[in-house]
Amino acid sequence: MLTIEEIKKQLKDKYQNSIKNFDSPYSTRLFVDIDKSKVRDISNEIIRMGGRYLVSVGYDNIARDKTLGLIHNFSMDRDDIFVSVRTAAPVDNPEFDSITPDIPNAGWSEREYIDLLGMKFKGHPKPKKLILADDWPAGVYPLRKDVPWNLMPPAAEDVAYELDEAPEGCTTIPVGPFHPTLHEPAHFAVFVDGETIKGCDYRGFMVHRGIEKLCQTQLTYNEIPFVAERICGICGSVHAATYAQCVEFAAGLKISRRAEYIRTIMLEIERIHSHLLWLGIAGHLIGFDTVFMQSWRVREAIMWYSEKLTGNRKTYGMIVAGGVRRDITPELADELRSVINTIDKELMVIYKAVAGDTSIHRRTKGVGCITTEEAKLWSLVGPTARARNVDIDSRRDHPYAAYDEMQFDVPVVDSCDVWGTVVVRILETFEAIKIIRQALDKMPAGPIMTEFDENVTPMRHAISAVEAPRGEAVHYLISGEENRPERWRVRAPTYPNLQGVPAMLLNDQFADLPIIIGSIDPCFSCTDRVVKVDVRSGAMSHLSSGDLEKISRAKKTAGR
Amino acid sequence: MNIDLYGSLLTAMAILLGAAVIVPILSSKRKLAGWVNFILVAVAGVMLLNISYITIFQGGGAETQKIMGIYFLIDGFSAFFIAIISFLAIMSAFYSIQYMEHYPDYKLWSYYLTFPLFIIGMIGIVTVDDLSTGFTIAWQLMTIASYFLIRFEYRTEGNVRNANKYLILMELAWVFIIVATFLINGSAVGDSLHQLIEKMGATSGMTLYIVYGLLLVGFGFKAGMFPFGQLWLPDAHSIAPSPISALLSGVMIKTGVYGIIRTFFWMVPAEGYDGQLWGIVIASFGVVTLFIGTNQALKQVDAKRLHAYHSIGQMGYIILGIGSALVMLNSASVTVKLLSVIAIVGALYHTLNHTVFKGLLFLSTGSVLYATGTKDLNKLGGLMKLMPVTAVVAGIASLSIAGMPAFSGFASKWTIISSNILAGSRIMFLVIFGIIALFISAVTLASYVKFFGMTFASSGVEWTVAKKIKEVPATMLIPKLILAILCLVQGLFPFIYFGLFISIFKNSAGSILQPIFSEIMFDGMVVNNAMGVAVTVPGMQGMVSSVAVPLVVLAVLAAAYVFAWLLRKSGGAEEKEAPTWLCGYQDLNNKNRYVAHNMYSAFKKALRWTGGNIKK
Amino acid sequence: MLAKLCKKAFPRSLWVYHCNSGACNGCDIEILNVLTPYYDIERFGMKLVASPRHADVMLISGAVTRPTLPLVKKAYAAMPEPKLVFGIGSCASGGGSWFDSYHVTGGADKAVPVNYIIPGCPPRPEAIIYGVALALGLVDKKASPIELKQVEFPIDAYMKNKAWEERNVIYQVLNN
Amino acid sequence: MWLTSKIKQVLMVLKPGVVTLKYPFEPHPVAKDFRGQPSWDHHKCVGCGGCAAHCPARTIMIRDVCQDLRIMLYDGSRCTYCGRCADVCPENAITMTEQYELATNDKNDITVNMELFMLTCQRCGRCYNMETTNMIDKMGLKGYRYDSLEARAVIPRATEHLDIKMLEETEHYKRPQK
Amino acid sequence: MDILYIVVNILVFLALAPFFEGVVRRVTARVVQSRQGPPLAQPYWDILKLLGKQNLSPGNLAFKIAPVVALASILSVIMFLPLGYRENALSQYADVITLIYLLTLGGVACLLGAISSKNAYALVGSSREMITMIMVEPVLAMTLILGAVKVKSLAIPASVLSVTGAGYGASVIIMLVVYLMALQAFVGRQPFDIAEAEVEILEGPFIEYSGPNLALFKYYMLLKQMFYAALFVIVFIPAIKTGFYGLDVLIQLGFVLLVYVLIAVLGSTHPRLRIDQAQKIYAVLIVASLVAVGLSVYGI
């Protein structure tokens, strides 16, 4: 077990000169300000200490000191500590050392800021466009504050993303964006030899809706939860809860215990509905529609209950900064008990019917195999990781809401394949039912909302993680002026998992592609969000249309 | 009359020899040389066809004739082979005129020197009546001439090596056959087959087994029998110029079939010949050949190699037919004995069909090669609009080789398979052989769906072959059209051919088959008319099998087609062209074409052990 | 005659092509939900097809983002006539919360002609079935534009304001 | 193994029987507090514009035609039914109804158009800045608001006076076509 | 009279094939998936609707001809089928081998159409379809050959009707089981709907087809499905001959209905296999049916 002091000491011993400042507002959070030249070394050092890479956050700090900020976040799972390594580079030469060669999972985060903030990463293995549309002109960085939120560069005709070259002798099969496996627009160029997958390239982020500049017109701290829920229609509460926790951390707000219990219940309800949904989809993906129909039939009960409790079947609108919107009355609590009892029973029937079915084993066992080491290397999270014997769960490792008082198991299996994810998810559903029962029993009385005065001190950093059904959702928030965050970074669980998919696909059959991609329960809309909410500070400068044309022309010629 | 036949045979050979002398001299004028070559070959060919016609339909030949110390024999059986050789030679020569333009940097004198010699050699093989002197001359002429034809493109890497391999293996086959001949007790150089048969009677049983074994291996080499065919056939056939490939695959390997039938049905002593055993051996070789050959063919992506491997596969059918005929012939049951007729007719019918459709396939691929410069199925595609005539004839040939009803392959495969299955009710392994043959015909189909689909239907040339692609000139189309028409005729009117083969065997004295063929009740057994061929065998109830398909089934199909067509029109829907839908993000391009080598990957993987895998 | 019958058959067998142009998953899940036992849209002869070539109806869910705009158009063009387009959910019907964001083009109507919209975030499965039934002519349209006009000053507010004015400090100061 | 699980599967499916609801031929009631289409009580509305200011989808647009008349347009086509407007409304003039059967072939069917009389300072022409502690009021209303109701676009600026240029900008506001 | 049988064959198949599909969909929905399911007439509407739609094509001749050929070939196969245990006017013009090849012709048309569509998915699908065809056609062939061996004739009515002629021997029982297992593959349903797998290759060979062309293909699939079901009934259900043609046909159709219910239940309780896995199962089926044929030679 490491403590924050030990981490500080170890870092100080080695990198005395590069470390500018330590900041630890809570006993579980450590922010380290460092010089940008040592980014790579210190990141590696933290990984060596047992850290797990979470996400990088880049932000525009030009108005204050003409720099672009970059924060690498790590989680010490055994010690319940989040370590954030903060650094900055001047805007006229925003070059950082890339940490991707050591931490492959950072690849996308860094590519994201190449696109959105115009940063440069030295040594990045694949500095290609990631987020923005193919025809987005180079040199327009939408996350920078001088770019308006509704800027619409003209469309360019002949700009295309250059997909990776297929290996020798392989054919590309284009999968997506409108493909029944995906349900969401994302493009996989799958390189096959015959039907064996020899690699794939991903061109996703087609659901990137760039919500960030919304706040420049309207959104404030307490509207963002509603937008956060719509990052993803399935695990909306997770994002709302993570966001709300970030705000509460930044504001130093302690919410009532009852609200925390209700949040716990909401998160677990969401887990049940999401896992049942996934089970159905997985059945559908291997062509077993009966499983799909039956598990969705079972799931419907919880949807109806959610409607009663929150007023909507999904995107509940329950969790806001400072508490929750609606209370669980005793009648609703009783109904919830009976609903989860039915689900418990019916799911057990499904589980028994599915678990021993050799025809399902055929399609799932030994499919999408990657080793535990690879899973750790790619920083996989959630059931995808737990099916590969990586024992992480932020509910247990970084307790939040009321999880510190809950008794539950974290199912971990070592089959390292798709079947493992099936088992983990079904078992987790039973655990979720257990947690809801406990929460209903233990729930204290009290207010559900704590007054949130919306006057958060600017430039406070906060990080928070919530275990979503798909894995761990991480939010990073920098508070800002005018009742809005300066920067809000969301890392959905699919973000790291999706980067591990090519490794899972390798040497499997094309017919297994749906279930392998399905096994991480992908949620591209979460992944593609980049919901950064920041404040327009200073004057808004419009690029004139002439400028834009110039820019897009430059891009076109460069593209040729 | 006989003298007349042999005289014209020699004349034809002389004309061909003349061609070999004259044409190389003219070879600097490419087109002219081609035309002269074609005219001379055609004249000789017509004379040879005339010989066949007279022999088969007017009952000529059948007497061994000693000319210049070599025994010659023209009976119905050899006449059939003369016919297919000379016919395909004419087609090939015609096709060569334009095709050889395709090799601007190669001198043509060697081609036009060896082309007629090659034909002389083949004609020789099927007409000489010994296994020593005349045979050696004919064999060497054929082998050496074809060797030079195969190594024609000697500048391409690997071609000379493959040609050398061919030469060595063919000489080895020759050694086998010659050794077999001299193992026969008291055989002398220049003995005719009749003399050999007499001497065989005096040979001990064990030696006889060796003799037949060596003969089978020797001719098996030529016929592309497993495992010998795999050694040379695909390499040699795929590197030769296309008209030569057509000749090699279409007729040269048939000389092996000729040899096998000649030795196992004619060169049979009254005593000491275990027909049942040799039948089983040959049939087993046939089944293995067709199984392995076709499965190997499935893996190919080079169009000509694909055809070449299929030649092995199709030879397997013929060998199976021969073998099972031999088994049935030596069976105790009268009924099964009668079925041997169907089997051997099937074998010969398939020989004819294979000549036509394989010739056609090689010529079509040649045309594709001529027009696009590649024969790699991974690169080809989408030629249907650009080369419609070639596409149609290649389609006919593909359906024929796959054995689709109403096309030529069907009638002959049906004959072989059904006779095997019917005989199978008495002899169990024959039914298994029949089923394997049926199974393999599905594999053949798969392979030709790939060939046709990937060359003509799918997309490809838009991106891979930059040249402007046009349909090939008429001189290259006419031979293909003739062959295609023949393909259709053979498929649609099988009764003509059944009659033909029956009269061939009737007119070929000396074989162990002749007694059955000449039995009178035969006419009542086979209903052979425009409605198709139906077989009733005494001892089996009712009509047992029929290949009436062609016309009746075609009529049925046509009626159904009209119905379906009307159904499609009935909704009043309009037609519109639309680009291929690939999930939106990508448009069809060279990288996301699903190319030939990807097809049937799971099946190919399961059959890796059959060999013939292509390396990547 | 058959042609007439074919026209009649069209609404009885609508094959649905689901095109997610940038949705959050909520609507997609509800679209799948209408296939499940409780809602079972197959009752109306509808089924989900995978290729736009087979489709009669395109369900667009989600705001049309900048990258998917050309793709949605392409998918629409790939469908054979006659065809219908349904915009499912708030994003597809009007662009949702991000209708004017830099990476979003707007609702589905910005890309293709939309025949019916089914608002909701996400719409309940019943709402989707209702939309389908509306298109099939099984139910009546319930939504209609609402025009509200204050014909007079809202007295309550007025009174309240008056009261507020009375106790307002500034006024008090002024009065004093 | 295979057989037993198949039998289990058959048993699993037999128990529930056919569960399909009869909707739309029979209504399927929604939960009590369902968040359906919001409805405005124009008798209560004071036209503060708080709902417009707080709507995450910015689906409520305001145009001040003149000093006394304010038009509020609720464009239901992009409403996310989050209920935030009902939460913030100081007068409780907005309620979330149970109406969810909103499918239509015309976007205008799900709009609410309100014409409100405004109380404005006769001297400066601004709305009264009422309770200054109220966050909603703090948000704006410092002058005219002119959203392009025709294009259903929000112009995120409250201006001191009406600017014709701004209007032109709105009408030329167009998304890229490709 | 003989001609009448042909007409009845065609009419029965054309009229009832969509109905039986409706039954499958209904059974799948009601019995297995707890939902109401489409009306029984749904497949008719589907086909009618497709006939009235626009016909999109990549402008290739083979693409346009393929559906017509496919439907024609299955129709001609159906004409030869001895429904109601009656030989018809066409029976003598073909034998079982012809039947098998004719069936393959339909498949080939399908494949060529798919390849002509130039779509990678269609090609993956046709590659799988072809493997399925190679591997399961022999099972069909051997079922027919089993009868042929027993009766020593390849004529269609004789060999089709004689499988159970001498009662249920070991060979017949093996063949029956094999046929039932292969049935799902014949009719392209789970677990063997690999070629048309909707979630991964979007209905494979048919991905580019629309409107009337697709209608023809759908009809072809329906007829093929009914053909295999009817063949099972004719071959393996011992003849219950009432002497009245109409009644015989009705009884057989009743059995066909049962086979369809079986297809539906089997299809909805299995996930789709991968082609390499299916291939192994096919291989087992082939070997088993070879054993059955071998046994039948010895009269077992």
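Protein chains in written order, with the working numbering: chain A, 64 to 623; chain B, 5 to 620; chain C, 237 to 412; chain D, 110 to 287; chain E, 468 to 767.
Every residue, glycine too, gets a C-beta built ideally from N, C-alpha and C.
With a cut-off of 8 Å on Cβ pairs, the segment 395-414 of chain A is not in contact with the segment 154-174 of chain D, counting fewer than three such pairs.
Remark: C-beta atoms of residue 114/B and residue 52/B do not approach each other more closely than 9 Å. Residue 234/B has a beta carbon lying at 9 Å or more from every beta carbon in chain A. Taking 9 Å as the cut-off, the beta carbon of residue 127/D is found closer than this to the beta carbon of residue 503/E. Taking all protein chains shown into account, residue 272/A has 16 or more neighbouring C-beta atoms within 10 Å of its C-beta and is therefore buried. Looking at the DSSP output, residue 135/A sits in a beta bridge with 119/A, 148/A.
Counted as a single uninterrupted DSSP element, the alpha helix (DSSP H) harbouring residue 668/E occupies residues 665-668.
Chain order gives the chain C residues near residue 166/D as 326, 330, 331, 332, 333, 334, 335, 357, where near means a beta carbon separation below 9 Å.
Assigned with DSSP and collapsed to three states, residue 174/B falls in helix.
Less than 9 Å divides the Cβ of residue 119/B from the Cβ of residue 24/B. Contact with chain A is absent for residue 368/C, since none of that chain's Cβ atoms lies less than 9 Å from the residue's Cβ. Straight across, the Cα-Cα distance linking residue 170/A with residue 163/A is about 5 Å. Between the beta-carbon of residue 647/E and that of residue 706/E there is about 19 Å, and that puts the pair past the 8 Å contact cut. The continuous beta strand (DSSP E) containing residue 147/D extends over residues 147-149. For residue 125/D, the nearest beta carbon of chain E is closer than 9 Å to its own beta carbon.
DSSP places residue 59/B in the uninterrupted alpha helix (DSSP H) bounded by 34-61. If you check the CB distance, residue 449/B and residue 641/E do not come in under 9 Å. Note: residue 223/D is bridge-paired with 384/C, 181/D in the DSSP secondary-structure output. Following the DSSP letters along the chain, one finds residue 551/A inside the beta strand (DSSP E) bounded by residues 548-554. Secondary-structure assignment with DSSP links residue 283/C through a beta bridge to 251/C. Apart from the 5 residues on each side of it in sequence, residue 319/A sits with its Cβ closer than 8 Å to the Cβ of 386, 509, 510, 511, 512, 513 in its chain, given in chain order. At the C-beta level, residue 579/A and residue 587/E stay beyond 9 Å of one another. Secondary structure at residue 358/B: helix, using DSSP grouped into helix, strand and coil. Residues of the segment 729-743 of chain E that bring their beta carbon within less than 8 Å of a beta carbon in chain A comprise 735, 736, 737, 738, 739, 740, 741, 742, 743, in sequence order. As for any alpha helix (DSSP H) of minimum length 4 sitting wholly inside the segment 292-351 of chain A, the runs are 299-314, 320-348, ordered along the chain. Listed in chain order, the positions of the segment 493-514 of chain E with a beta carbon within less than 9 Å of a beta carbon of chain D are 496, 497, 498, 499, 500, 501, 502, 503, 504. Judged by DSSP in its simplified three-state form, residue 389/B adopts coil rather than helix or strand. For residue 384/C, no Cβ of chain A is located within less than 9 Å of the residue's own Cβ. The C-alpha of residue 698/E is placed about 24 Å away from the C-alpha of residue 739/E. By the criterion of a C-beta distance shorter than 6 Å, residue 200/D is surrounded in its chain by 153, 155, once the five residues flanking it on both sides are discounted. The C-beta of residue 378/A comes closer than 9 Å to at least one C-beta of chain C. Contact of residue 394/A with chain B by beta-carbon distance below 9 Å is absent, the smallest such distance being about 48 Å.
Beta-bridge analysis with DSSP links residue 124/A to 130/A.
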